[in-house]
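Asks:
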Amino acid sequence: MAKPILGLDLGGTKIASGLVDLASGNLLGEGVRIRKTFESEKNQDVFDSIVAAIGETLSANGMDISSIGGVGMCVPSPVDPKTGFLYNPPNLRGWGNIPLRDRLREIYDIEVAVDNDANAAAMAESRWGAARGLSRSVFYATVSTGIGTGIIINGAILHGKNGLAGEGGHVPLDGFGHERCGCGNIGCIEALASGTAMVKLAREMLRKNGTHSLLVEMAQGRLEDIDMVMIGEAARRRDAFAQEIVVTQGMRLGLWLGGMVALFDPEMVVIGGGCANLGEPLFQAMRQTMIARTIHPKAQEIPVVPAQLGTASGVMGAASLL
Ligand SMILES: [Zn+2]
């Protein structure tokens, strides 16, 4: 049996890690292990946390570095997968640019691969998740606080010249509007249809129109307490306003997906992240708008489905990089 790969998913507030058998896609032993990190941590502290997470994962499974085939890491950052060089991660303050792969290889004499987290999750879903056994070309999007995308073409991650391709969340849909995106541009799909954008829209509409909604009750009148989970819950309880918010978000995502399928002609669209939990009302609005607003003549044959691997997709995708 081939040696397992240690997969490591670096987030803004935590490091998830686990050992993955690449042949089966199974997580070994205790599954995914979580180690908290702190926003105040600087580059060296987070790097030390990464090294500690690797050590803990190995010892918890009764292994040492020689028992594994390598370390795969995914990061919430633009990264050059050829060199493992991170470009100023937006959610890891104080990091700057860092040659992560080389730093790790100074410590461990082992193969190390690094890629962007949405790319890794796309790979995991395509090998072992929603698109398992069927798709060579997959458009994957994670819709939660932001929108990240990973594009699999002929079984491989689309990287582009510098490894920086696949930033589908920052395709502007309304570049002359008012919604400023975290990236500095105006009207990116992330600024219009992420979970954050959805919550913002709900709060603004309630504040402006004073609409009657279960959401106001659920938040005990404090509109700033409304979050994505609450909107989902109110929509399930048939609150008309919350349902309208979910459909609006689905239509915006669908319009964007219409462009994405025309561009990439994938076999399947997989949607992960917290917003995928909004379920069928969101997916229905996405599918209908995608089909109605695309030049792709066979868009109705492209399944738009929820991701299956949940929070393990980062660790599994990271391992799949090797
Ligand atoms: Zn943007």
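Per my numbering, the very first residue in the sequence shown carries number 1232; after that it's consecutive. Cβ coordinates follow ideal geometry from the N, Cα and C atoms, glycine included. Keep in mind it's a predicted model, so treat the numbers as computed, not measured.
Should residue 1338 go down as buried or exposed, given a rule of 16 or more other Cβ atoms within 10 Å for buried?
Replies: Exposure of residue 1338 is indicated by the presence of fewer than 16 other C-beta atoms within 10 angstroms of its C-beta.
Asks: Taking the alpha carbon of residue 1247 as the point to measure from, which residue in 1262, 1233, 1254 has its own alpha carbon closest?
Replies: 1262
Asks: Compute the Euclidean distance between the alpha carbons of residue 1462 and residue 1477, then round it to the nearest angstrom.
Replies: 8 Å
Asks: With a threshold of 8 Å on Cβ separation, who are the neighbours of residue 1451 within its own chain once the five nearest residues in sequence on each side are excluded?
Replies: none
Asks: For the pair the stretch 1529–1540 and the stretch 1491–1507, tell me if three or more CB-CB distances fall below 8 Å.
Replies: yes
Asks: Tell me which residues share the same chain as residue 1417 and place their Cβ nearer than 8 Å to its Cβ, disregarding the 5 neighbours each side in the sequence.
Replies: Cβ within range, chain order: 1403, 1405, 1406, 1407, 1408, 1409, 1410, 1411.
Asks: Would you say residue 1422 touches ligand 1, meaning its beta carbon is less than 7 Å from a heavy atom?
Replies: yes
Asks: Going by CA-CA distance only, name the one from 1241, 1485, 1234 that's closest to residue 1255.
Replies: 1234
Asks: Contact defined as beta carbons within less than 8 Å: I believe residue 1299 pairs with residue 1250. What is the distance between those atoms, to the nearest angstrom?
Replies: With 8 Å as the limit, residue 1299 and residue 1250 qualify as a contact, their Cβ atoms being about 7 Å apart.
Asks: I want to check one thing, is the minimum distance from the CB of residue 1386 to the heavy atoms of ligand 1 below 7 Å?
Replies: no
Asks: Cutting at 8 Å between CB atoms, please list the residues of its own chain near residue 1385, excluding the five before and the five after it.
Replies: 1367, 1368
Asks: Which parts of the stretch 1402–1438 are runs of the alpha helix (DSSP H), unbroken and 4 residues or longer, counting only runs that do not cross its ends?
Replies: 1420–1424
Asks: Below 8 Å on the Cβ atoms is my contact criterion, and I expect residue 1240 with residue 1549 to pass it. Report the Cβ-Cβ distance as a whole number of Å.
Replies: 6 Å
Asks: When the distance is taken between beta carbons, is residue 1309 closer than 8 Å to residue 1346?
Replies: no
Asks: Excluding the 5 residues flanking residue 1468 on each side, which residues of the same chain have their C-beta closer than 8 Å to its C-beta?
Replies: Correct list, in chain order: 1445.
Asks: Do residue 1352 and residue 1373 come within 8 Å of each other at the CB atom, strictly closer than that value?
Replies: Here residue 1373 is near residue 1352, since their CB atoms are less than 8 Å apart.
Asks: Alpha carbon to alpha carbon, how far is residue 1414 from residue 1293?
Replies: 43 Å
Asks: Could you have a look at residue 1381 and say whether DSSP puts it in helix, strand or coil?
Replies: strand
Asks: So, with DSSP's three-state summary, where would you put residue 1341?
Replies: Of the three classes helix, strand and coil, the one that applies to residue 1341 here is coil, per DSSP.
Asks: Under the criterion of a Cβ to heavy atom distance below 7 Å, does residue 1409 qualify as lining ligand 1?
Replies: No, since every heavy atom of ligand 1 falls outside the 7 Å radius drawn around the Cβ of residue 1409.
Asks: For a test of your reading of the model: does the CB of residue 1401 fall under 7 Å from any non-hydrogen atom of ligand 1? Yes or no.
Replies: yes
Asks: How about residue 1381: is its Cβ closer than 7 Å to a heavy atom in ligand 1?
Replies: no
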